[in-house]
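**Student:** Residue numbers (UniProt numbering): 1 to 333.
Yeah, the Cβ is synthetic: ideal placement off N, Cα and C, and Gly gets one too.
Everything numeric in this text was worked out from a predicted model, so none of it was measured.
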Ligand code: HSE
């Protein structure tokens, strides 16, 4: 293990998909990379790259370091000093599962570093406990669409293969919204009528996604549990959710806790440019600048590369190969 280096590429995710609050998630073709090895200097070191990463802790309070230590503890192995590098294309606190990706990436990397003693299900249980809900972590860990339930001690899941004509358009507002703030906006009780409304929509959505009946998505992607209460935090959201189907979307939802909005689209739709313009213009009317990205469902979970020995860590001239050097052909920046 001394000379082992692990690199994990982990997908972003969208949670809830409208009605499936804390239950449904889908992995997306936007990624973070985590590199982990035992430190050769005897001290824990970090190299964090990407937007907003410079503000993250670079000591033992770092989330990736702490998650890795949990993995080692659970396996009864001690690896106190690590070298951790991370690059992420997943914007922070925008509703695209950046923290879930970091947790899943750290769990998978640390597990691979010590020879993978833990099963994927064990990592899923740990990830759910750490994140507090299984929707984003399940999608990042298993890829595809993941339906899950957690009773506070154990999580169950079923993975659904996304339809091959399903793609998504995300509008990522330029402002951040913490999950904590977006959860704080939710009521502690809801009516029986709203509960029944969501059970119906969420069930229909899972059935539509599993059977490939894409035309049902617009009826199924309705929600009364969280989106109405979060609307005030995302000006323009209500109009986008109500009218996206008029611009050819299969359905639209708040992505996770927001502020990103996500439209599900048939890859063969003729109205893609108009939909993109509608999302951007609706947010702009509210004074919100937003980046739009076309993302596909990511059908696999983390991709793990394990390198044994120091070979491959240095260039021909003896310089150390950084994580950025390795992934530069794949990243957005
Ligand atoms: N299900 C979560 C929520 C996702 O909507 O609050 C955000 O982490």
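Do residue 21 and the ligand HSE come close, with the Cβ less than 7 Å from some heavy atom?
**Tutor:** Flag set: Cβ of residue 21 near the ligand HSE.
**Student:** At 4 residues or longer, and completely inside the UniProt domain "GHMP kinase C-terminal" (206 to 280): list those alpha helix (DSSP H) runs for me, N to C.
**Tutor:** Correct list: 217 to 220, 227 to 230, 237 to 243.
**Student:** Regarding residue 201 and the ligand HSE, is the C-beta to nearest heavy atom distance less than 7 Å?
**Tutor:** It does not: the Cβ of residue 201 is nowhere closer than 7 Å to a heavy atom of the ligand HSE.
**Student:** Would you check whether the ligand HSE has a heavy atom nearer than 7 Å to the C-beta of residue 257?
**Tutor:** Under cutoff, so the answer is yes.
**Student:** What do you get for residue 168, buried or exposed, if any count of 16 or more other CB atoms within 10 angstroms of its CB means buried?
**Tutor:** Under this definition residue 168 is a buried residue.
**Student:** Where do the ends of the beta strand (DSSP E) carrying residue 7 lie?
**Tutor:** Looking at the DSSP string, the run of the beta strand (DSSP E) that includes residue 7 is 5 to 15.
**Student:** Does residue 93 pass the burial test, meaning 16 or more other C-beta atoms within 10 Å, or should it be called exposed?
**Tutor:** Buried, by the Cβ-count rule.
**Student:** What do you reckon, is the C-beta of residue 133 under 7 Å from a heavy atom of the ligand HSE?
**Tutor:** Checking every heavy atom of the ligand HSE against the Cβ of residue 133, one is found closer than 7 Å.
**Student:** With DSSP collapsed to three states, give me the class of residue 189.
**Tutor:** Here residue 189 sits in coil by DSSP.
**Student:** Rounded to whole angstroms, what's the CA-CA distance from residue 252 to residue 239? Just pull it up for me.
**Tutor:** Their backbone Cα atoms lie some 11 Å apart in a straight line.
**Student:** Just reading off the beta strand (DSSP E) that residue 176 is part of, what are its end residues?
**Tutor:** Run containing residue 176: none; DSSP gives neither H nor E here.
**Student:** Is residue 219 near the ligand HSE, going by C-beta to nearest heavy atom under 7 Å?
**Tutor:** Outside the cutoff, so no.
**Student:** May I ask you to report which of helix, strand or coil DSSP gives residue 308?
**Tutor:** If DSSP states are grouped into helix, strand and coil, residue 308 belongs with coil.
**Student:** So is residue 3 buried or exposed if we call it buried at 16+ other beta carbons inside 10 Å?
**Tutor:** Classification of residue 3: exposed, given that the 10 Å Cβ count is below 16.
**Student:** Out of curiosity, what's the CA-to-CA distance linking residue 237 and residue 21?
**Tutor:** Their Cα atoms are separated by approximately 17 Å.
**Student:** Near residue 46, which residues of its chain fall below 6 Å by C-beta distance, leaving aside the five closest residues on each side in sequence?
**Tutor:** Within the same chain, residue 46 has close Cβ partners 58, 84.
**Student:** Can residue 136 be considered in contact with the ligand HSE, in the sense that its beta carbon sits closer than 7 Å to one or more heavy atoms?
**Tutor:** Yes; taking the cut-off as 7 Å, the Cβ of residue 136 has a heavy atom of the ligand HSE nearer than that.
**Student:** Mind checking whether the beta-carbon of residue 179 lies closer than 7 Å to any heavy atom of the ligand HSE?
**Tutor:** Because some heavy atom of the ligand HSE lies under 7 Å away, the Cβ of residue 179 counts as near it: yes.
**Student:** Whole angstroms is fine: what's the gap from residue 249's alpha carbon to residue 171's?
**Tutor:** If you take the alpha carbons of residue 249 and residue 171, they lie about 13 Å apart.
**Student:** Suppose you measure from the CA of residue 235 to the CA of residue 222; what does that come to, to the nearest Å?
**Tutor:** Each residue's Cα considered, the two are about 18 Å apart.
**Student:** When you compare the CB positions of residue 124 and residue 113, do they come within less than 8 Å of one another, or not?
**Tutor:** Not in contact: residue 124 and residue 113 (Cβ atoms no closer than 8 Å).
**Student:** Is the beta carbon of residue 62 within less than 7 Å of some heavy atom of the ligand HSE?
**Tutor:** No, since every heavy atom of the ligand HSE falls outside the 7 Å radius drawn around the Cβ of residue 62.
**Student:** In three-state DSSP terms, what is residue 292?
**Tutor:** Residue 292 falls in the strand class under three-state DSSP.
**Student:** On the three-state DSSP scale, how would you describe residue 303?
**Tutor:** Correct three-state label for residue 303: strand.
**Student:** Which same chain residues, not among the five before or five after residue 328, have their C-beta less than 8 Å away from its C-beta?
**Tutor:** There are no such residues.
**Student:** Do residue 216 and residue 33 have their C-beta atoms within less than 8 Å of each other?
**Tutor:** Their beta carbons are not under 8 Å apart, which means residue 216 does not touch residue 33 by this criterion.
**Student:** Cα separation between residue 311 and residue 76?
**Tutor:** Reliability fails at residue 311, whose pLDDT of 43 lies under 50, so the model's placement of it is uncertain and no value is given.
**Student:** Helix, strand or coil for residue 58 per DSSP?
**Tutor:** In this structure, residue 58 counts as coil in the three-state DSSP scheme.
**Student:** At a cut-off of 7 Å, is residue 16 close to the ligand HSE when judged by its beta-carbon and the heavy atoms of the ligand?
**Tutor:** Checking the Cβ of residue 16 against the ligand HSE gives yes.
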